[in-house]
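Scroll down for the structure; my scribbles are underneath it.
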Amino acid sequence: SQFEDGTLSFLNIASLLEGFNTLAHLVPTKKDKNTMQRISKYVFQLAKYGYDKLSVLKHANGQPLIKFYNHTSYDDSRYQGGVITFNILHEDGAFVGFAEVACLAAVFNIQLRTGCFCNPGACQWFLQLSNNDIRKQYESGHICSDYNDLVDGVPTGAVRVSFGFMTRKQDVNKIISMIEECYLSTTADRLQRMDINKLPKSLKHIPDRLKPKLKEICIYPIKSCGAYKVIDSWPLTTTGFLYDRGWMIVDATGMSLTQKNQPRLCLIRPIIHRDKGTLELTFTGMKSVEVSLEIAGEIDYLNTSICQSKVCDDVVSGYDCGKKVASWLTDCLELSGLRLIRQCTKRRCQDGATREISLSNQAQFLLI
Numbered sequence: 002s003q004f005e006d007g008t009l010s011f012l013n014i015a016s017l018l019e020g021f022n023t024l025a026h027l028v029p030t031k032k033d034k035n036t037m038q039r040i041s042k043y044v045f046q047l048a049k050y051g052y053d054k055l056s057v058l059k060h061a062n063g064q065p066l067i068k069f070y071n072h073t074s075y076d077d078s079r080y081q082g083g084v085i086t087f088n089i090l091h092e093d094g095a096f097v098g099f100a101e102v103a104c105l106a107a108v109f110n111i112q113l114r115t116g117c118f119c120n121p122g123a124c125q126w127f128l129q130l131s132n133n134d135i136r137k138q139y140e141s142g143h144i145c146s147d148y149n150d151l152v153d154g155v156p157t158g159a160v161r162v163s164f165g166f167m168t169r170k171q172d173v174n175k176i177i178s179m180i181e182e183c184y185l186s187t188t189a190d191r192l193q194r195m196d197i198n199k200l201p202k203s204l205k206h207i208p209d210r211l212k213p214k215l216k217e218i219c220i221y222p223i224k225s226c227g228a229y230k231v232i233d234s235w236p237l238t239t240t241g242f243l244y245d246r247g248w249m250i251v252d253a254t255g256m257s258l259t260q261k262n263q264p265r266l267c268l269i270r271p272i273i274h275r276d277k278g279t280l281e282l283t284f285t286g287m288k289s290v291e292v293s294l295e296i297a298g299e300i301d302y303l304n305t306s307i308c309q310s311k312v313c314d315d316v317v318s319g320y321d322c323g324k325k326v327a328s329w330l331t332d333c334l335e336l337s338g339l340r341l342i343r344q345c346t347k348r349r350c351q352d353g354a355t356r357e358i359s360l361s362n363q364a365q366f367l368l369i
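Counting from 1, position 129 in the sequence shown corresponds to residue 130 in this note's numbering; the numbering is continuous, with no gaps.
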């Protein structure tokens with residue numbers, strides 16, 4: 002024998018019969034269907050309606066908004082109940098934490114259940130978590146019923162919408178509208194809607210955890226080429242990040258190349274070696290080449306123009322980075338007469354003024 006884990010809910014057990022009687026009174030048997038059959042069919046239809054509506058929601062880039070966890074496509078009420086279980090995805094495919102969804106739903110006066118729903122086995126199977134993932138989540142502090150919804154970007158649970166005999170179609174539409182309004186918009190817009198005063202006490206700590214954080218810094222040393230990802234801090238200058246959009250590739254006529262006419266530019270990947278003072282350029286299947294980060298003596302001085310961009314007609318003064326890198330670019334892009342140009346400090350704009358700006362089209366910083 003052993004002790005019971007808590008006191009049995011004997012009062013609720015005694016109330017079950019009265020509860021069934023109430024349901025039978027509110028939803029009486031009709032034709033060949035009894036109370037439970039009618040309720041089952043009704044909540045299934047609500048769930049199918051919600052599932053069908055959510056299934057078609059996509060971000061602007063075509064990425065599905067919803068990741069569902071179910072065995073069926075809501076075709077048969079014998080195999081599917083009146084619930085929808087899912088997680089919401091960002092535009093890049095990353096998961097939205099269920100705690101954030103619960104907070105926003107509460108602001109809209111919608112009650113959702115989140116987490117693993119007292120079914121860790123199904124949770125592990127649907128979320129495709131390995132035993133090591135489960136241990137990692139536990140070691141990070143995640144326990145049952147908490148709001149540690151993401152561990153290294155991996156969800157620890159999901160969102161579940163449950164429908165009952167008193168749920169109306171308007172309620173389903175309200176949930177769908179909330180998801181559309183909050184998650185087919187920008188992150189900033191979504192967080193602005195989170196009125197802390199409207200949240201239940203158990204959720205009030207979540208907004209602080211959801212404040213926007215800088216995830217990654219990428220700089221683009223050569224205009225229209227690949228990114229260099231910063232792994233630590235990075236200096237700022239009067240023109241933005243140090244070395245950001247400080248070089249460009251021009252053709253034999255002096256026109257700046259862009260991905261609009263040369264999409265292979267994105268395959269040129271820069272690596273900045275600040276310790277060596279060099280910019281290394283890489284390209285698939287090619288040996289890399291290096292140029293100096295700083296302007297060397299006795300190099301050609303050119304005047305060129307950034308065309309087919311938002312700063313078209315701005316006159317740019319630059320320095321030729323030499324024949325070696327020019328030959329390398331010609332081999333990579335299979336175009337003759339290419340040169341790598343290092344911009345000098347100032348650029349002459351359309352209004353005749355000379356300003357200290359980089360080769361960016363519009364702004365020195367782009368926040369995504």
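Cβ coordinates follow ideal geometry from the N, Cα and C atoms, glycine included.
Just so it is clear, the structure is predicted and the values come from calculations on it, not from any experiment.
The alpha helix (DSSP H) enclosing residue i, as first and last residue numbers
i: SER41; result: 36 to 56
i: PRO1; result: Outside the displayed range of the chain (2 to 369) lies residue 1, so it cannot be described from this structure.
i: LYS288; result: Segment 287 to 293 is the beta strand (DSSP E) holding LYS288; no alpha helix (DSSP H) there.
i: THR23; result: 11 to 27
i: VAL160; result: Where VAL160 is concerned, there is no enclosing alpha helix (DSSP H), although the beta strand (DSSP E) it sits in stretches over 159 to 163.
i: ARG79; result: No alpha helix (DSSP H) holds ARG79; DSSP gives it neither H nor E.
i: ARG114; result: Not the alpha helix (DSSP H): ARG114 falls in the beta strand (DSSP E), residues 114 to 116.
i: ASP33; result: Run containing ASP33: none; DSSP gives neither H nor E here.
i: ALA100; result: 99 to 108
i: GLU140; result: 132 to 140
i: CYS183; result: 170 to 184
Per DSSP, the bridge partner or partners of residue i
i: TYR229; result: ILE220
i: LEU280; result: ILE273 and VAL292
i: LYS324; result: In the DSSP output, where bridge partners are listed per residue, LYS324 has none listed.
i: ARG340; result: VAL251
i: ASN88; result: LYS68
i: PRO156; result: LEU151
i: PHE242; result: LEU237
i: PHE96; result: LEU90
i: SER59; result: In the sequence as displayed, the identity of residue 59 is Lys instead of Ser. Looking at the DSSP assignment, LYS59 forms a beta bridge with PRO65.
Nearest-angstrom Cβ-Cβ length linking residue i and residue j, presumed shorter than 8 Å
i: ILE342; j: TRP248; result: 7 Å
i: LEU294; j: TYR244; result: 7 Å
i: LEU268; j: PHE284; result: 6 Å
i: LEU90; j: VAL162; result: Going by Cβ atoms, the distance from LEU90 to VAL162 rounds to 16 Å, so no, they are not a contact pair.
i: VAL101; j: GLN64; result: Correcting the residue type first, residue 101 is Glu in the shown sequence and not Val. Not really, about 18 Å apart at Cβ, beyond 8 Å.
i: PHE87; j: PHE69; result: 5 Å
i: ILE111; j: MET179; result: 6 Å
i: THR115; j: GLY158; result: 6 Å
i: VAL152; j: GLN138; result: 5 Å
Through-space distance from residue j to residue i, alpha-carbon basis
i: CYS117; j: ILE144; result: 10 Å
i: GLN263; j: LEU336; result: 10 Å
i: TYR50; j: PHE164; result: 11 Å
i: LYS34; j: LYS42; result: 10 Å
i: ASP233; j: SER146; result: 35 Å
i: GLY20; j: LEU12; result: 12 Å
i: TRP329; j: GLU217; result: 30 Å
i: ALA253; j: ILE223; result: 18 Å
i: VAL44; j: GLY82; result: 7 Å
i: GLN365; j: THR239; result: 9 Å
i: GLY1; j: ALA95; result: This structure cannot settle anything about residue 1, because the visible part of the chain is limited to 2 through 369.
i: MET287; j: LYS325; result: 14 Å
i: SER306; j: GLY255; result: Caution is warranted here: a pLDDT of 42 is assigned to SER306, below 50, making its placement in the model unreliable, and the coordinate value is therefore given only provisionally. When rounded, the distance between both Cα atoms is 7 Å.
i: CYS104; j: ASN149; result: 13 Å
i: PHE99; j: VAL160; result: 6 Å
i: LEU127; j: CYS119; result: The sequence shown places Phe at residue 127, rather than the Leu named in the question. Those two C-alpha atoms are separated by around 14 Å.
i: ARG270; j: ASP53; result: 43 Å
i: LYS230; j: LEU280; result: 14 Å
i: ILE176; j: HIS60; result: 18 Å
i: ASP332; j: GLY323; result: 15 Å
i: ASN62; j: LYS32; result: 49 Å
i: ILE14; j: MET37; result: 19 Å
i: VAL251; j: LYS261; result: 14 Å
i: THR168; j: LEU266; result: 55 Å
i: GLY154; j: LEU66; result: 16 Å
i: VAL317; j: SER289; result: 27 Å
i: SER78; j: GLN46; result: 8 Å
i: GLU291; j: TYR221; result: 16 Å
i: LEU58; j: ALA48; result: 16 Å
i: ILE273; j: CYS219; result: 12 Å
i: LYS311; j: GLY122; result: Unreliable placement is indicated for LYS311, whose pLDDT of 32 sits below 50; the coordinate value is still reported in the next sentence. Rounded to the nearest angstrom, the two C-alpha atoms are 54 Å apart.
i: ARG136; j: CYS183; result: 32 Å
i: LEU9; j: LYS214; result: 46 Å
i: LEU17; j: THR23; result: 10 Å
i: ASP76; j: ASN174; result: 20 Å
Any C-beta of chain B under 8 Å from that of residue i
i: ASN62; result: Structure shown: chain B not included; a single protein chain is present.
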